[in-house]
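According to the numbering used here, the sequence shown holds residues 683 to 734 in order. We put the CB at the ideal spot given by N, CA and C, even for glycine. Below is one structure, written out as structure tokens; comments come after it.
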Amino acid sequence: MDTFEIISKIYEMRDESIAEGITSQDAMVFAEQSVAENYHISYNSLRKLIGN
683 MDTFEIISKI YEMRDESIAE GITSQDAMVF AEQSVAENYH ISYNSLRKLI GN
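Okay, structure coming up:
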């Protein structure tokens, strides 16, 4: 999985969570944590990748 696929997956999950009624910030954190866990990527590395 390349960088763009990872970022796309994060934003896709974030948008789905927002549609379910979760706040934007909480949805972003949830998506980041889920992708980090599912794809075995360090959460801190993932945050650096997307600039947070």
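Task: Pair within 7 Å by beta-carbon distance, Met695 and Ala718 - done: For this step, residue 695 is matched to residue 13 along the sequence shown. For this step, residue 718 is matched to residue 36 along the sequence shown. With contacts defined by Cβ atoms closer than 7 Å, Met695 and Ala718 do not form a contacting pair.
TODO: Mind checking which residues open and close the alpha helix (DSSP H) that includes Asp743?
DONE: Any question about residue 743 goes unanswered here, given that the chain covers just 683 to 734.
Task: Cα-Cα separation, Lys691 to Asp684 - done: Taking the sequence shown and counting its residues from 1, the one referred to as residue 691 is at position 9. Taking the sequence shown and counting its residues from 1, the one referred to as residue 684 is at position 2. Spanning the two alpha carbons is a distance of roughly 11 Å.
Task: alpha helix (DSSP H) segment containing Tyr725, residue limits - done: Position 43 of the sequence shown, counting from 1, holds the residue named residue 725. Run containing Tyr725: 725-732, per the alpha helix (DSSP H) assignment.
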